[in-house]
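>
Residue numbers (my numbering): 3 to 1146.
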């Protein structure tokens, strides 16, 4: 009757309805595998950055003007928005870009709408009636917007023809459902150029306004309405848009006197290209030189399958090359993120398989082959349940999700281990019927297992509410783990008991000593051999991979190996090695429980010494771990005002140097790409504008497994050394970010109101930091400088007004001459529409004297409408000066930031700490403040959140334990494991000189908190049960520890072994192993660099926590009972005499 009371209803139902459960298992496996194949696959998860951008173009205006006229009015309206974290802005020539950053928990769609409303309110404060002020564009950004690959088009064709081919490909790619946008770099934009001779225009008494108005009045496509005729409604259309440049050239421009002036008489009209503003070149290992290319940067939509998108693009290119493109056209794909995604996902999947094999092997030696398979099946079944749920919550299959499964690998088996091990113990080789044993076993351990699972889940709950960019990035980890661990409860209590009832058999000593190849073994072997032959036949006709047949053959070998050899090894382990270890542990435990206070005191002292050792050993700290570079970026910045052609020449010089440096290692270099003006900033940088004075060279390496042990970090260092030394050029070398977009390693923000003072302070601070001799700083570069050359036209307003001319007319004349004025759109059947641009001919628009002497032509109404022409020089003076290239704001204050990367192997945290100390001796002028921002801000924010999350996790575990035990003492015993497990973490990191990653190691410690307590729950709960059954304290503590030692060691070993392959970077390509026989074994890679700190944190912590559970928990239990007995005056259930006997 007592056993019946301990049954767990769902488990008992499952055992009584086994067929239904087997059907359920089949459906879960089938649908789960189908869902896995259908899930979109990508490297990093698509996350939305909680920022909204307001971009306002004001053509022809300086940064100071736009700051006053546009930026400040917009910022004023934005500052009161709900959920706003901060507002920053970057005002440059012709454009204002404002960034409104919101708290991470704010819905970005709602935030975007709020920003649009604020911009609408600010319109009344912006300049009115100025055609050069464009409507503000409000947008947000997604990580998915980063290019997934670059398509480079080259060949011996003229620029127009080459662009036609690129546009043809671009249009088809943009039509794919997976693609969000395609950005073209290096192409010349077509236009109809009307290059006006200022002198001829003046002689003809025609103004720019006459030309643009005439073109606009003739370039018409319009519907005048409809008429009814003969019962039919007919539309009246006017279709007189220009079809060729010749039509534009033949236009008649009427001057104010009514005399006909042909456009060809005063201007050159040609169908050409806008000035080339961007350049792109490519060098592949097969090529000897850099080739000019048109590059298509392709971005996918959020949530779409990256690998599928890449495959479809390759198919499209192949189809185009065979049907549309000529043979001389080269189309090369570089920077394909699907290669890294495939590599990352395959490596993680292979690591999961390795971990699964290791876990299964260790389970076999402890539990036997059959029981081990029961337990091991809980891993794929739990994962299949998770796969079924992931599409419903919008998850993709990315590296975060896959690592979550890897982390869960050693945890999900815990529940199954306890249930199966307890079933095996009660079954006692047939002493209790297996059906009854399975029902009692499930009921007996349900509460401690359920509580243990809840405590394991608890620390991941606060991680799901991590309101930051990193939190959004890591969000997939806790959610995937929570789903998988909950699924493991279903597997452990519904499916595992059914497996046990059907397959758990009694075993007797020596039964495997003389194994025979009996009828059952022969039948199984023949069936498997038949399946293998059938698979090979299908492979011969191409209907199946040969690897399937090889896998079945391996199953035959393993089946026979288990029967004839492995079972004997397991018997010897279970009858010899394991009992000896158990006896040794029992002796050790007996000694420990006699001196419990000494054990506790020693552990506390070890905790203190570990913290001290970590400090003395100078344990390094970093935000995110970084591995070997997959990409090396060389960023080139020339003085403001440098034109794109000169910048292109400098980049060509540098790209030759880079090509020479990587030449000895060209077998691991997939491509070198150079860009000028467009796509020249950090891929993770918000500011992706066009900069004529900037360039970028990208060196892409092949995937890690194909590098043959070559170190790309050393190549990066060589590149950094060889690109230095160009006069006037600021050059920075970096590798790709290993996680979500982050800020600069070093960021010194100076805020104030006076730009001159800020610029001078920044220059003085840069010199001051340089004098401190702090190693590791690449180069401190200010983001605002005052070296942009400028010519200022000072207008004598009174004199101009007397002539009947206003400043707007002067500005428009200069603007049209230099920048050009769009007079209309040119359309034809083969191209999208492009602009008809009016401006001065090239030699005049770059000649300051020609511009000053240009005459303003107008009709003087005060003198009867006579035509008057007055040169601009009559009422203007000019002066040459320097101005600011841009103006930045943060929270509406002007700010200048000195930023730099930290050169590896120097530690960013240590470098920032030295800078912080040095700043104490730096004198700031009045009304100027300085703070350390950038990555330092992110690091502090991350550390604060993880500290809070650990406390919340601690509180949640406390509540669960109190609900389970209703005892403060027992709860504190188990909670102490969390603190003492940290000994293992810091001791391991310090001894092996590893770096503490705030994000990864921090998450590892939080995850560790839930894992380490579940074994303590099992031990304390079983000790309580033995005491209730009448055992004395000593016997109960020792017996509970001995009995629970197996599941405790098994669960810890499973978790550790599941993580070991990733921690050491051990990789086997199982697909290649079974198809070609080559396992491609290698150590290292991106995954070990990224996930290694978290894995080692868990391994070190779990290893030490296991010792704590098996030694310290029994001692603390005795201490608790002894103190309880003394405080109760000897009235406790456990008497003093028993305590004394226990110590005797």
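We put the CB at the ideal spot given by N, CA and C, even for glycine. It should be emphasised that the depicted structure is a prediction, and the values quoted were computed from it without experimental measurement.
#1: In the DSSP assignment, the alpha helix (DSSP H) including residue 215 goes from what residue to what residue?
#2: Are residue 350 and residue 308 closer than 8 Å when you measure CB to CB?
#3: Between residue 917 and residue 625, is the Cβ-Cβ spacing less than 8 Å?
#4: Within 8 Å, do at least three Cβ pairs link the stretch 914–933 to the stretch 753–761?
#5: Given this structure, state the Cα-to-Cα distance separating residue 501 from residue 453, to the nearest angstrom.
#6: Does the count of Cβ pairs from the stretch 350–363 and the stretch 472–486 closer than 8 Å reach three?
#7: Beta-carbon within less than 7 Å of residue 893's beta-carbon, same chain only, minus the 5 sequence neighbours each way: which residues are those?
#8: Give the range of the alpha helix (DSSP H) segment to which residue 941 is assigned.
#9: Quick check on residue 162: does DSSP put it in helix, strand or coil?
#10: Where residue 1108 and residue 975 are concerned, what is the direct C-alpha to C-alpha distance, given to the nearest angstrom?
#11: Provide the residue(s) that pair with residue 891 in DSSP beta bridges, ordered along the chain.
#12: Quick check: what's the CA-CA separation for residue 1074 versus residue 550?
#13: What are the start and end residues of each continuous beta strand (DSSP E) run of 3 or more residues lying completely inside the stretch 775–853, in chain order?
#14: With DSSP as the reference, label residue 996 as helix, strand or coil.
#15: Nearest to residue 1060 by CA position, among 415, 677, 315, is which residue?
#16: Can you tell me whether residue 710 is buried or exposed? The criterion is at least 16 other CB atoms within 10 Å of its CB, across all chains shown.
#17: What is the DSSP secondary structure of residue 18, counted as helix, strand or coil?
#18: What residue does the alpha helix (DSSP H) around residue 346 start on, and which one ends it?
#19: Can you tell me whether DSSP reads residue 639 as helix, strand or coil?
#20: Locate the beta strand (DSSP E) running through residue 270, then write down its first and last residues.
#21: Rounded to whole angstroms, what's the CA-CA distance from residue 1043 to residue 582? Just pull it up for me.
#22: Would you kindly check if the distance between the Cβ of residue 377 and the Cβ of residue 428 is under 8 Å?
#23: From this set, 1085, 1041, 1009, which residue's C-alpha is nearest residue 1104's C-alpha?
#24: Which residue wins for smallest C-alpha separation from residue 660, given the options 304, 285, 911, 193?
#25: Alpha carbon to alpha carbon, how far is residue 449 from residue 440? Give it in angstroms, no decimals.
#26: Could you tell me which of 491, 460, 470 sits nearest to residue 388, measuring between CA atoms?
#27: Please name the residue or residues paired with residue 698 in a DSSP beta bridge.
#28: With distances taken between CB atoms, is the gap from residue 151 to residue 60 smaller than 8 Å?
#29: Residue 355 and residue 437 - do their beta-carbons sit closer together than 8 Å?
#30: What is the residue span of the beta strand (DSSP E) that residue 299 lies within?
#31: With a threshold of 6 Å on Cβ separation, who are the neighbours of residue 311 within its own chain once the five nearest residues in sequence on each side are excluded?
#32: Mind checking which residues open and close the beta strand (DSSP E) that includes residue 75?
#33: Leaving out five residues on either side along the sequence, give the residues of the same chain with a beta carbon under 6 Å from the beta carbon of residue 997.
#34: Taking just the CA atoms, how far does residue 83 sit from residue 891?
#35: Is residue 13 closer than 8 Å to residue 445 when the C-beta atoms are compared?
#36: Could you tell me whether the stretch 728–747 touches the stretch 629–636, where touching means 3 or more Cβ pairs closer than 8 Å?
To lay it out plainly:
#1: For the purposes of this step, residue 215 is taken as residue 213 along the chain shown, with counting starting at 1. Segment 210–220, the alpha helix (DSSP H) holding residue 215.
#2: As a working note, residue 350 is residue 348 in the chain shown. As a working note, residue 308 is residue 306 in the chain shown. No. Outside cutoff.
#3: As a position in the chain shown, residue 917 is number 915, starting the count at 1. As a position in the chain shown, residue 625 is number 623, starting the count at 1. Cβ distance not < 8 Å, so residue 917 and residue 625 don't count as in contact.
#4: Yes, since at least three Cβ pairs between the stretch 753–761 and the stretch 914–933 fall closer than 8 Å, the two stretches touch.
#5: Within the chain shown, the letter at position 499 stands for residue 501. Within the chain shown, the letter at position 451 stands for residue 453. One Cα belongs to residue 501, the other to residue 453, and the distance between them is close to 24 Å.
#6: Fewer than three Cβ pairs drawn from the stretch 350–363 and the stretch 472–486 lie within less than 8 Å of each other, which leaves the two stretches out of contact.
#7: Within the chain shown, the letter at position 891 stands for residue 893. Cβ neighbours of residue 893 within its own chain (closer than 7 Å, five residues either side excluded): 88, 89.
#8: Residue mapping note: residue 941 aligns to position 939 of the chain shown, counting from 1. Per DSSP, residue 941 belongs to the alpha helix (DSSP H) from 937–967.
#9: Mapped onto the chain shown, residue 162 falls at position 160. Helix, per DSSP.
#10: Translated into positions along the chain shown, residue 1108 becomes position 1106. Translated into positions along the chain shown, residue 975 becomes position 973. So the two alpha carbons sit approximately 14 Å from each other.
#11: Residue mapping note: residue 891 aligns to position 889 of the chain shown, counting from 1. In the DSSP output, where bridge partners are listed per residue, residue 891 has 91, 896.
#12: As a first step, residue 1074 is located in the chain shown; it is residue number 1072 there, counting from the start. As a first step, residue 550 is located in the chain shown; it is residue number 548 there, counting from the start. In this structure, the CA atom of residue 1074 is about 12 Å from the CA atom of residue 550.
#13: Runs found: 790–797, 823–828, 836–842.
#14: As a position in the chain shown, residue 996 is number 994, starting the count at 1. Looking at residue 996 - three-state DSSP - the assignment turns out to be coil, as it is neither helix nor strand.
#15: Reading the chain shown from its first residue, position 1058 is the one you call residue 1060. Selected option, being the one with the closest Cα: 415.
#16: Mapped onto the chain shown, residue 710 falls at position 708. Around the beta-carbon of residue 710, fewer than 16 other beta-carbon atoms lie within 10 Å, marking it exposed.
#17: For the purposes of this step, residue 18 is identified with residue 16 of the chain shown, where counting begins at 1. Helix.
#18: Taking the chain shown and counting its residues from 1, the one referred to as residue 346 is at position 344. Taken as a continuous stretch (DSSP letters only), the alpha helix (DSSP H) holding residue 346 covers 339–369.
#19: For the purposes of this step, residue 639 is taken as the residue at position 637 of the chain shown. Here residue 639 sits in strand by DSSP.
#20: Residue mapping note: residue 270 aligns to position 268 of the chain shown, counting from 1. Its beta strand (DSSP E) spans residues 269–275.
#21: The residue labelled residue 1043 in the question sits at position 1041 within the chain shown. The residue labelled residue 582 in the question sits at position 580 within the chain shown. Residue 1043 and residue 582: Cα-Cα distance of roughly 16 Å.
#22: As a position in the chain shown, residue 428 is number 426, starting the count at 1. As a position in the chain shown, residue 377 is number 375, starting the count at 1. The answer is no: Cβ separation not under 8 Å.
#23: Position 1102 of the chain shown, counted from the start, is the residue given in the question as residue 1104. Residue 1009 is the option with its Cα nearest to residue 1104.
#24: Reading the chain shown from its first residue, position 658 is the one you call residue 660. Out of 304, 285, 911, 193, 285 has the C-alpha closest to the C-alpha of residue 660.
#25: Along the chain shown, read from residue 1 onward, the residue named residue 440 stands at position 438. Along the chain shown, read from residue 1 onward, the residue named residue 449 stands at position 447. Residue 440 and residue 449: Cα-Cα distance of roughly 16 Å.
#26: As a working mapping, residue 388 is identified with position 386 in the chain shown. Of all alpha-carbon atoms in 491, 460, 470, the one lying nearest the alpha-carbon of residue 388 is that of 491.
#27: One-based indexing of the chain shown puts residue 698 at position 696. BP columns for residue 698 point to 637, 677.
#28: Translated into positions along the chain shown, residue 151 becomes position 149. Translated into positions along the chain shown, residue 60 becomes position 58. Not closer than 8 Å, so no.
#29: Numbered from 1 along the chain shown, position 435 holds the residue referred to as residue 437. Numbered from 1 along the chain shown, position 353 holds the residue referred to as residue 355. No, the pair does not count as a contact, with Cβ atoms beyond the cut-off.
#30: Within the chain shown, numbered from 1, the residue matching residue 299 stands at position 297. It spans 296–302 - the beta strand (DSSP E) in which residue 299 sits, taken as one unbroken run.
#31: Here residue 311 refers to the residue found at position 309 of the chain shown. A distance below 6 Å between beta-carbons, with the five flanking residues on each side excluded, links residue 311 to the following residues of its chain, in chain order: 180, 302.
#32: Locating residue 75 in the chain shown gives position 73, where the first residue counts as 1. Careful: residue 75 lies outside any beta strand (DSSP E), inside the alpha helix (DSSP H) at 74–80.
#33: On the chain shown, residue 997 is found 995 positions in, with the first residue counted as 1. Only 622, 624 meet the Cβ criterion.
#34: Residue mapping note: residue 891 aligns to position 889 of the chain shown, counting from 1. Residue mapping note: residue 83 aligns to position 81 of the chain shown, counting from 1. Spanning the two alpha carbons is a distance of roughly 17 Å.
#35: One-based indexing of the chain shown puts residue 445 at position 443. One-based indexing of the chain shown puts residue 13 at position 11. With respect to residue 13, residue 445 sits close: the two C-beta atoms are nearer than 8 Å.
#36: Output reads yes: the stretch 629–636 touches the stretch 728–747.
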